[in-house]
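Below is one structure; the comments refer to it alone.
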Amino acid sequence: ADAQAKPASQAEIDRELAEFDTALKTQVETAAAEPGAKQADDLVEAIDIAETVTTAQTAYEIFTSARAKGMFSAAALLASTKCVFVGAATHAVVNARTADPQAAAKLAAVLKADVSRVAAQRRAVRDVDFSALPKLGAPATIVSRKAIADLGMETVEFSNGARMMVFSNTSEAGRVYVRVRFGGGYNALPVARASAAWAAPLALISSGIGDLGQEELDRLTSGRRIDLDFAIDDDAFVIGSTTSAADLPDQLTLIAAKLAAPGWDPNPLARARALATTAYDGYTASPGSVLGRDLEGLLHGDDPRWSTPSRAQIAATTPAQFRALWEPLLKSGPVEVQVFGDVAADDAITAVARSIGAL
């Protein structure tokens, strides 16, 4: 209802266009390193849908030309959105694990529900920049810097105890891989009981930084090659991203701010619980899904750190429990930063000293 009645604001349009611009520009910058397998897949897919392929540069020029001609105005986008809903019939596909005789009636009721009050609400998101992030400390100084000649790498130790590995390599033009490893990983999680660790891949990054929620962070990084991914290794927790040399300093600043002053918005955890609960029935849908649910736990002697949580454990996970587990873990060491890719070693070291080195 809202999509048909109100146009997007110019700020919303500009933010999305910036994302497209960055994605297409990145393809241009990294075209020389594009795998041949991906090019082959693109050709096969294009033939399958009776389309064609083009170069990254041409795709970017088409986009910039359309933007220059004003094709993405609020009025044009609203008219295009309305076309999506034109037609006499509404078709719906309902996928359920078990047959529900009331499915059609429930669907009809949902489609007829009055959503005018909800549709009229749009959450205001304030404009933010990197100055809105929690402040870090003074940059670290370099304690030691050693070259690993055979590998073309360098190791650096900073005055705050953080360590760094840097490998400057131009084989993938425009790409810089960043990994910040900290804490003890699975070894640091509770052994004798189930914990809120299961929700971290879904909720930890989205819970925000300081008083900034995910929407503010999305606006902060709009049009930039900056992101946060979280993973758990046996011996460390990992926050990483693929960025560019130009965005590397702010990328590292964002990671450092996440470690120093994490936010604790409860909504991502609520979404994680809902998603995990909804997916639970699927674990018994096939032998493969049962194996995926149980194998890691069985291989580790039913250790709760590797076992899939039960429905009751998922439902019982509270924001307070989630914070109590992860707040100290985010502040735990040791910390090692890995920066590999198309960036000068000196620039990467300076960026780490001013971010992770300032913790």
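If you count by our numbering, then the sequence shown holds residues 990 to 1348, one letter each, in order.
Note that beta-carbon positions come from the ideal geometry of N, C-alpha and C, so glycine has one too.
Can you look up residue i in the DSSP assignment and give me helix, strand or coil?
| i | result |
| --- | --- |
| Lys1124 | coil |
| Val1332 | coil |
| Gln1091 | coil |
| Arg1086 | coil |
| Gly1290 | coil |
| Thr1266 | helix |
| Asp1207 | helix |
| Pro1251 | strand |
| Ser1321 | coil |
| Asp1224 | coil |
| Leu1178 | coil |
| Ile1002 | helix |
| Pro1298 | coil |
| Phe1074 | coil |
Here's the rule: buried if 16 or more other CB atoms are within 10 angstroms of the residue's CB, otherwise exposed. What is residue i?
| i | result |
| --- | --- |
| Met1060 | exposed |
| Pro1179 | exposed |
| Gly1172 | buried |
| Thr1307 | exposed |
| Ala1263 | exposed |
| Asp1239 | buried |
| Pro1090 | exposed |
| Leu1209 | buried |
From the DSSP secondary-structure annotation, give me the bridge partner or partners of residue i.
| i | result |
| --- | --- |
| Ala1136 | Glu1143 |
| Leu1201 | Ile1198 |
| Met1154 | Thr1144 and Gln1327 |
| Gly1229 | Arg1168 and Asp1218 |
| Ile1131 | Phe1147 |
Do residue i and residue j have their C-beta atoms within less than 9 Å of each other?
| i | j | result |
| --- | --- | --- |
| Lys1247 | Ile1228 | yes |
| Leu1258 | Ala1340 | no |
| Ala1313 | Arg1260 | no |
| Thr1044 | Ala1035 | no |
| Arg1164 | Asp1331 | yes |
| Asp1236 | Arg1214 | yes |
| Glu1285 | Ser1296 | yes |
| Ala1092 | Ala1085 | yes |
| Ser1160 | Ala1022 | yes |
| Val1132 | Gln1327 | no |
| Ala1151 | Ile1345 | yes |
| Ser1230 | Asp1216 | yes |
| Arg1134 | Pro1293 | no |
| Asn1176 | Asp1118 | no |
| Arg1300 | Leu1125 | no |
| Ala1245 | Leu1348 | yes |
| Ser1196 | Trp1253 | yes |
| Val1104 | Leu1096 | no |
Assuming the contact rule is C-beta atoms closer than 8 Å, residue i and residue j should be a hit. Round their C-beta distance to whole Å, please.
| i | j | result |
| --- | --- | --- |
| Phe1329 | Tyr1166 | 5 Å |
| Glu1146 | Ala1136 | In fact, because the Cβ distance is near 13 Å, the residues do not count as touching under 8 Å. |
| Ile1194 | Ala1250 | At roughly 14 Å, the Cβ-Cβ gap does not stay under 8 Å, so Ile1194 and Ala1250 are not in contact. |
Please confirm whether residue i has its beta-carbon closer than 9 Å to some beta-carbon of chain C.
| i | result |
| --- | --- |
| Arg1170 | The chain labelled as chain C is not found in the depicted structure, where only one protein chain is given. |
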